[in-house]
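S.K.: Take a look at the following structure, please.
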Amino acid sequence: MTNYHSRQDLVLKPGTGEIIRRIRIAIIGLGSIGNAILGILIRMGFRRFFLVDFDHVEESNLSKSQCFKKKDVGKPKAQVAAEYARQNILHDHPDVEFVNGNFMEDVGKGVFWDCDIFIGAVDTRNCRPYINDGCVRAGKPFIEVGMTDFQVNVSFFAPDFENKTYPVCLRDQIGEGDFEGKRNSCSGLKIQDTELKVIPTIECTAAIAGAIVAKELVLYLEGRSTIVGKTLFFFGLNNETFDMIITPNPNLKIRQEAFMPITTVKTVVNPTVGQLLKAVEKALGHAAVIKLPDTFVFTGHCNNCGKLITYNRRKSKIWNHERWCEECRKEEDYQSHLYHNDEWVTLQEVSNASAPEILRSKLRDIGIPKNDVLEATVSVNGDFETYHVRLDESEPKCKISGPRKVEPFSLKDSPADYYRGCEDAEEDVKTLAKVKEVFANPEFHPLSKDDECTCYLNKSALDAFKEYALGVYEQRGHEATGVIVGYYCSDPANPNRQFTVGTHFIPASGGSTQVTCEISLSDGIRISDYCEAHKVFPVCWIHSHPGFGAFYSGTDRATLKAQYNAVYQTGVVMDILKDQSKAYKCVDGVIKESTYYVVDDESNPPVLLTKRMKPVLKIKGGNDKRVVTLLNGSVVITI
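Note that the sequence shown covers residues 476 to 1114 in the numbering used here.
Structure below.
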């Protein structure tokens, strides 16, 4: 493929281009500045974006927004910008996600842990500190940019990753508290902004703002930015620039929440409150009370006539004029009438003691967006502890294909040593007979006395992992992990003749970064439940090193040694981009490079050692030649 950025690479440090391709950028606000930033970043080689805006394209946007065309007038800005990005990103696999909505209300706070850098180009005073607070808690860089006529200001805030602190942030500039602005009334409800409907802007200033942000972003990735912890001012009328160092406030409360620990809780998509509580309590080990992200209002009364009004919305989504019923709003001076009883029926937290109808409600029905982070309080020995739980409602990229029905392995004439595990009941007799036939052929299994346990992995299981890992990489640029489960077999007449067959991949949703991944406690419980239900074992721990090659780090070795040290367990690391892989085992406490064999299968579920089993395709991680005599003949496998 043509190297679109060959001349740019002459300017950047080696490896920066790869970082640019992998990093995920969140742009909140897609007006003229957001457009300019997105357009420049696309041409510089960025390919992964999360775009948010609640507004629609207007004719006045066309003269200062390169992503919008005449045909886009009336369409959501975020959607149009995402379509533009997908069409113009120079890479083969663009990764662009968008939300048409309010970033504070319609996007779950889990996004702060999903994206790598946040760019705020918003004109609402309350959204700016909201983005800042989320970046501080998640430990993510935040670029805040604004402009008016020919003036630009850019503030750059970045965490100290080594010490897990946030040296300076936006609130060091603007202070603490709420910044509701003109869009909220004294009642705390939204009102129309009648004083300032538009901010004067011009395309050339937006382009300058976009260029400054893009330049400093790339310099930051190389460790060369000069405005981190500062605000850069550009005055276009006289072409003057200066930067101002932001002085940190030592008493700032939000800084104490930097790198806030969170517990990821796996749930179904849009679960009920009852399902949410069950998942949270399983993860935390105690009954929990969960605080909602905003007060949810069911009903209220008209401030004039006292008529019951149904809202069923978050308080932040109720307009001030909705305190009066439609009939009373027909009067010209309706807001001068205040009803003496203004009680609302609201919901602020949920627990197992909540009303049954609340426990049956879906999360979206009570204002909790997808991928949100909630506060959960539990009581431990009389003391209350508060956790922040992230709701993982993502559907796995690959589905776990398991046995069609779960039956106990009950063949009376089947020695346990012959076959550990079970298939579908109707296949048990065939499988047992085939196992006996295979073991009657001493040349079938290529084992020597020095082999501890040979690992066969069905191609379908490996393909499932590759699909899942590639999806994680394309979405977030992160590593991915999970286990391959299957069956442990041995020949009672020859203890050295032991082998495993991995049949199904189960993905893990624990925390991950570009260079780390983990199997969480909830993942472990889910995998254990699956193995118990299907009478299988975790035979292979597998994870990806996308772009970094196949090797075992010190952390990988410690994990293999501590958690996957059984004789029948193998560790596999795979670089899904370079198509490289290596296998390892823990033998008597020592990590050794091993071998795994890839076996093709067409059955669903694959039946071990039947006529549907095909010859071994290839050997990974070895340096020799092995002759494997299969049921249908011999095949020489050469590295």
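C-beta atoms are modelled at their ideal positions from N, C-alpha and C, and glycine is treated no differently.
As the structure is a prediction and not an experimental result, all values here were calculated from the model.
Compute the minimum distance between the beta carbon of A1008 and the heavy atoms of the ligand NAD, and state whether it is under 6 Å.
M.R.: Absence of the ligand NAD is noted for the structure shown, with no ligands found whatsoever.
S.K.: Considering only the beta carbon of each residue, do S700 and L694 sit closer than 7 Å?
M.R.: Mapped onto the sequence shown, residue 700 falls at position 225. Mapped onto the sequence shown, residue 694 falls at position 219. Closer than 7 Å, so yes.
S.K.: For G609, which residues of its own chain have a beta-carbon under 7 Å away from its beta-carbon, when the five flanking residues on both sides are left out?
M.R.: By one-based count along the sequence shown, residue 609 stands at place 134. Contacts found: K584, F587.
S.K.: Could you tell me the distance, in whole angstroms, from the CA atom of L932 to the CA atom of T680?
M.R.: Your numbering for residue 932 matches position 457 in the sequence shown. Your numbering for residue 680 matches position 205 in the sequence shown. Their backbone Cα atoms lie some 58 Å apart in a straight line.
S.K.: Grab the span of the alpha helix (DSSP H) containing A851 for me, first residue to last.
M.R.: Within the sequence shown, the letter at position 376 stands for residue 851. Counting along the chain, A851 falls outside any alpha helix (DSSP H), though it belongs to the beta strand (DSSP E) covering 848–855.
S.K.: I believe Y1071 touches V1047 by the beta-carbon criterion, under 8 Å. Please report the beta-carbon distance rounded to the nearest angstrom.
M.R.: Locating residue 1071 in the sequence shown gives position 596, counting from the first residue. Locating residue 1047 in the sequence shown gives position 572, counting from the first residue. 6 Å between Cβ atoms; contact.
S.K.: Using a 10 Å radius around the Cβ and a threshold of 16 neighbouring Cβ atoms, would you call H953 buried or exposed?
M.R.: As a working mapping, residue 953 is identified with position 478 in the sequence shown. Buried, by the Cβ-count rule.
S.K.: Within the continuous beta strand (DSSP E) that includes G1046, where are the two ends?
M.R.: The residue labelled residue 1046 in the question sits at position 571 within the sequence shown. 1045–1050 is the extent of the beta strand (DSSP E) around G1046.
S.K.: Give the DSSP-derived three-state secondary structure of S481 in the structure shown.
M.R.: Taking the first residue of the sequence shown as position 1, residue 481 is located at position 6. DSSP places S481 in helix when its eight states are reduced to three.
S.K.: By a C-beta neighbour count over all protein chains shown, 10 Å radius and 16 as the cutoff for buried, is V990 buried or exposed?
M.R.: For the purposes of this step, residue 990 is taken as residue 515 along the sequence shown, with counting starting at 1. It counts as exposed.
S.K.: Which whole-angstrom value describes the C-beta separation of Y963 and A955, a residue pair presumed to lie in contact below a C-beta threshold of 8 Å?
M.R.: Working through the sequence shown from its first residue, we reach residue 963 at position 488. Working through the sequence shown from its first residue, we reach residue 955 at position 480. So it is not a contact: roughly 25 Å between Cβ atoms.
S.K.: Who are the Cβ neighbours of E493 in its own chain at under 8 Å, not counting the five residues just before and after it?
M.R.: Sequence index remark: in the sequence shown, residue 493 carries index 18 (1-based). Excluding sequence neighbours, E493 sits near G1022.
S.K.: Going residue by residue through the stretch 800–838, where are the continuous alpha helix (DSSP H) segments of at least 4 residues, counting only ones entirely within it?
M.R.: Counting only runs of 4 or more, we get 831–834.
S.K.: Could you tell me whether the stretch 754–765 touches the stretch 854–862, using the rule of 3 or more Cβ pairs below 8 Å?
M.R.: Yes: at least three Cβ pairs fall under 8 Å.
S.K.: Apply the 10 Å Cβ neighbour rule to R482 and answer buried if 16 or more other Cβ atoms are within range, or exposed otherwise.
M.R.: Counted from its first residue, the sequence shown places residue 482 at position 7. Exposed: under 16 other Cβ atoms inside 10 Å.
S.K.: By how many angstroms is the C-alpha of C1006 removed from the C-alpha of E961?
M.R.: Start at 1 with the first residue of the sequence shown, and residue 961 comes out as number 486. Start at 1 with the first residue of the sequence shown, and residue 1006 comes out as number 531. Looking at the sequence shown, residue 961 is not Glu but Gly. Their backbone Cα atoms lie some 9 Å apart in a straight line.
S.K.: Please determine, among V611, T623, P723, E580, the residue with the shortest C-alpha to C-alpha distance to A596.
M.R.: Along the sequence shown, one-based indexing puts residue 596 at 121. The shortest C-alpha separation from A596 is found at T623.
S.K.: List the endpoints of the continuous alpha helix (DSSP H) containing V611.
M.R.: Here residue 611 refers to the residue found at position 136 of the sequence shown. V611 -> alpha helix (DSSP H) spans 602–613.
S.K.: By the three-class DSSP mapping on this structure, what secondary structure does C1061 have?
M.R.: As a first step, residue 1061 is located in the sequence shown; it is residue number 586 there, counting from the start. Reduced to three states, the DSSP call for C1061 is strand.
S.K.: Within the same chain, show all residues whose beta-carbon is closer than 8 Å to that of R603, passing over the 5 residues directly before and after it, in chain order.
M.R.: The count along the sequence shown starts at 1 and reaches residue 603 at position 128. Contacts found: G595, V597, E619, L645, I649, F654.
S.K.: Which residue's Cα is closest to the Cα of A1025: V772, M1049, V1042?
M.R.: Numbered from 1 along the sequence shown, position 550 holds the residue referred to as residue 1025. Selected option, being the one with the closest Cα: M1049.
S.K.: How long is the line joining the alpha carbons of Y1059 and L996, rounded to whole angstroms?
M.R.: Numbered from 1 along the sequence shown, position 584 holds the residue referred to as residue 1059. Numbered from 1 along the sequence shown, position 521 holds the residue referred to as residue 996. Cα to Cα, the separation comes out at about 23 Å.
S.K.: Assign A763 to one of two classes, buried (16 or more other C-beta atoms within 10 Å of its C-beta) or exposed (fewer than that).
M.R.: Numbered from 1 along the sequence shown, position 288 holds the residue referred to as residue 763. By the 10 Å Cβ count, A763 comes out buried.
S.K.: CB-CB under 6 Å to F625, same chain, minus the five flanking residues each way: which ones, in chain order?
M.R.: Counted from its first residue, the sequence shown places residue 625 at position 150. Here the set comprises T680, G711, L712.
S.K.: Between D867 and S1019, is the Cβ-Cβ spacing less than 7 Å?
M.R.: The residue given as residue 867 occupies position 392 in the sequence shown. The residue given as residue 1019 occupies position 544 in the sequence shown. No. Outside cutoff.
S.K.: Quick one: measure Cβ to Cβ for K728 and E651, integer angstroms, because I've assumed they're closer than 8 Å.
M.R.: In the sequence shown, counting from the first residue as 1, residue 728 sits at position 253. In the sequence shown, counting from the first residue as 1, residue 651 sits at position 176. With 8 Å as the limit, K728 and E651 qualify as a contact, their Cβ atoms being about 6 Å apart.
S.K.: When we look at the beta-carbon of I1000 and count the other beta-carbons within 10 Å, is it buried (16 or more) or exposed?
M.R.: As a first step, residue 1000 is located in the sequence shown; it is residue number 525 there, counting from the start. With fewer than 16 Cβ atoms within 10 Å of its Cβ, I1000 is classed as exposed.
S.K.: Per DSSP, what kind of secondary structure is F636 in: helix, strand or coil?
M.R.: Along the sequence shown, read from residue 1 onward, the residue named residue 636 stands at position 161. Residue state, collapsed to three classes: coil.
S.K.: Using 7 Å as the threshold, is the C-beta distance between L1167 and K552 below it?
M.R.: This structure cannot settle anything about residue 1167, because the visible part of the chain is limited to 476 through 1114.
S.K.: For S854, count the other beta carbons within 10 Å of its own beta carbon; 16 or more makes it buried, fewer makes it exposed. Which is it?
M.R.: Working through the sequence shown from its first residue, we reach residue 854 at position 379. Classification for S854: exposed.
S.K.: Just to confirm, is the Cβ distance from F617 to N607 under 7 Å?
M.R.: Walking along the sequence shown from the start, residue 617 turns up at place 142. Walking along the sequence shown from the start, residue 607 turns up at place 132. Contact: yes.
S.K.: Can you grab the Cα-Cα spacing for the pair D589 / M519, in whole Å?
M.R.: Residue mapping note: residue 589 aligns to position 114 of the sequence shown, counting from 1. Residue mapping note: residue 519 aligns to position 44 of the sequence shown, counting from 1. Their Cα atoms are separated by approximately 22 Å.
S.K.: Distance check for C1061 and H1009, CA to CA, integer angstroms please.
M.R.: Reading the sequence shown from its first residue, position 534 is the one you call residue 1009. Reading the sequence shown from its first residue, position 586 is the one you call residue 1061. Computed Cα separation, rounded: 26 Å.
S.K.: How should V1011 be labelled, buried or exposed, when 16 other C-beta atoms within 10 angstroms of its C-beta is the threshold for buried?
M.R.: Working through the sequence shown from its first residue, we reach residue 1011 at position 536. V1011 comes out buried.
S.K.: For the beta strand (DSSP E) that contains H1020, what are its first and last residues?
M.R.: Within the sequence shown, numbered from 1, the residue matching residue 1020 stands at position 545. From DSSP, H1020 is part of no beta strand (DSSP E); its letter is neither H nor E.
S.K.: Helix, strand or coil: how does DSSP classify D449 here?
M.R.: No information on residue 449 is available, as it lies outside the stretch 476 to 1114 that the chain covers here.
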